[in-house]
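Worksheet: the structure to be examined is printed underneath.
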Amino acid sequence: MVKVYYNGDVNESALQGKKVAIIGYGSQGHAHALNSKESGVDVIVGVRKGGSFDKAVADGHQVFTVAEAVEQADLVMVLLPDEQQAKVYQEEIKPGLKAGNALVFAHGFNVHFSQIVPPADVDVFLVAPKGPGHLVRRTYEDGAGVPGLFAIHQDVTGTAKDVALAYAKAIGSTRGGVLETTFKEETETDLFGEQAVLCGGITSLVKAGFETLVEAGYQPEIAYFECLHEAKLIIDLMYEGGLANMRYSISDTAQWGDFVSGPRVIDARVKESMKAVLTDIQTGKFAYDWILENQANRPQFNAINNNENAHLIEEVGQKLRAMMPFVKRQEKEAVNAGAK
Ligand code: NDP
Ligand code: MG
Ligand code: MG
């Protein structure tokens, strides 16, 4: 079995006397800054002027421009959007890095795909909670923690692993368990998971089911409940106790349907497509296309996003959720916390 690191495995003194600069105050940034501050770490925030800057000030942090924060820091945690990181790194982070500093990420994309090539005299590692930022914050406040991964890319001080684990503890992740990985494995599995299963897979599955029912003449509202709304209830059961726990709770009819029809829908062709998606990630094709799409100011991203937002499932969902205040409250909470 792989080693899982918990609070008791951490040498907390590894972060003592170090100033930590959280760069970016969005979904991950606000959670890392607040959690580590409450864990006793000396934290400052570096972000551009605007909404995030104001929020960080309102949350009680010492807030600076990115360059000013890097200048003062021993550990620089880069929590900017992945597609912005290379530019901000060149202009505002790299000039302020000093020998022996730690340059830290929550996702390996830019280092793994060579968009950021750190200097040879700094430690480089990643600490990646496996969950959205608002949950990293909320679970910490509840006394628990979102599990995470860490990986060492460069260890010039000989202390990178101790500092990475101390950081993971400060944000709450060693309460839930932290595993060691590599930049390559974290980057490729994170991209694959969100594309094939968590984000791309689920949205496409939900939409295809909804469209199939609506095209067959059923009411869109019924299709919405069957294909989207109930998905949360099923996922919660899987989260709590795996597939068996979910199957224990559903009717035997539903379970029989799961066994005979599930593999007909997600069949060998789907798995072949998943392998093709993984190949594009491994060869750098996905990264290349996404980097160029950003350089072109996102014409495809925006067009697809507009089409998706105009889908019937969104229109129907908006009306139905307006009549379910308990659902609406959670939506508001997620938006307030900067979740996307
Ligand atoms: P967000 O988009 O939520 O936040 C980005 C922050 O960076 C905002 O505060 C934004 O400020 C600021 N910012 C953007 N551009 C600049 C700039 N040019 N100069 C200075 N500040 C800037 O990012 P995420 O938290 O989603 O992602 C951060 C990292 O965490 C990424 O590497 C991501 O892969 C990783 N990650 C994210 C997870 C998630 O759940 N979101 C999960 C695990 C890892 P402003 O408000 O002004 O735009
Ligand atoms: Mg990701
Ligand atoms: Mg049913």
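Heads up: the sequence shown is residues -16 to 323, going by the numbering used here. Beta carbons are placed, not taken as given, at the ideal position from N, Cα and C, and that holds for glycine. Here the structure is a predicted model, which is why all the values come from computation and not from measurement.
Secondary structure at Gly131: strand, using DSSP grouped into helix, strand and coil. Remark: the C-beta of Glu171 is outside contact range of ligand 2, defined as less than 6 angstroms to any heavy atom. The alpha carbon of Gly114 has as its nearest neighbour, out of Phe108, His90, Val253 and Val(-13), the alpha carbon of His90. Residue pairing by DSSP places Ile27 opposite Ala4 in a beta bridge. The Cβ atoms of Val61 and His44 do not sit closer than 7 angstroms to each other.
Annotated three-state conformation of Met257 is helix, per DSSP. Here the segment -4 to 14 lies against the segment 35 to 53, with 3 or more beta-carbon pairs under 8 angstroms apart. Per the DSSP secondary-structure output, Ala111 pairs in a beta bridge with Leu132. Tyr201 sits away from Gly300, with the two beta carbons spaced by 7 angstroms or more. Listed as beta-bridge partners of Asp106 by DSSP are Ala85. For Leu63, the secondary structure class from DSSP, reduced to helix, strand or coil, is coil. The Cβ atoms of Val107 and Leu86 lie closer than 7 angstroms to each other. For Leu303, the enclosing alpha helix (DSSP H) stretches over residues Leu295 to Ala305. Taken through DSSP and simplified to helix, strand or coil, Tyr(-12) comes out as strand. Among the bridge pairs identified by DSSP, Phe47 is matched with Gly29.
Remark: the shortest separation between the CB of Asp65 and any heavy atom of ligand 1 falls under 6 angstroms. The secondary-structure analysis by DSSP pairs Leu58 across a beta bridge with Val3 and Ala85. Judged by beta-carbon spacing, Ala14 lies beyond the 7 angstroms limit of Val146, meaning their Cβ atoms are not closer than that value. For Leu188, the enclosing alpha helix (DSSP H) covers residues Gly183 to Glu198.
Phe36 and Asn280 have their C-alpha atoms roughly 24 angstroms apart. In this structure Arg120 is buried. Its beta-carbon is surrounded by 16 or more other beta-carbon atoms within 10 angstroms.
Residue range Val161 to Glu163 is occupied by the beta strand (DSSP E) that includes Glu163. Pairwise C-beta distances place the segment 183 to 196 out of contact with the segment 143 to 161, as fewer than three of them are shorter than 8 angstroms. Judged by pairs of C-beta atoms under 8 angstroms, the segment 93 to 110 touches the segment 66 to 83, as three or more such pairs exist.
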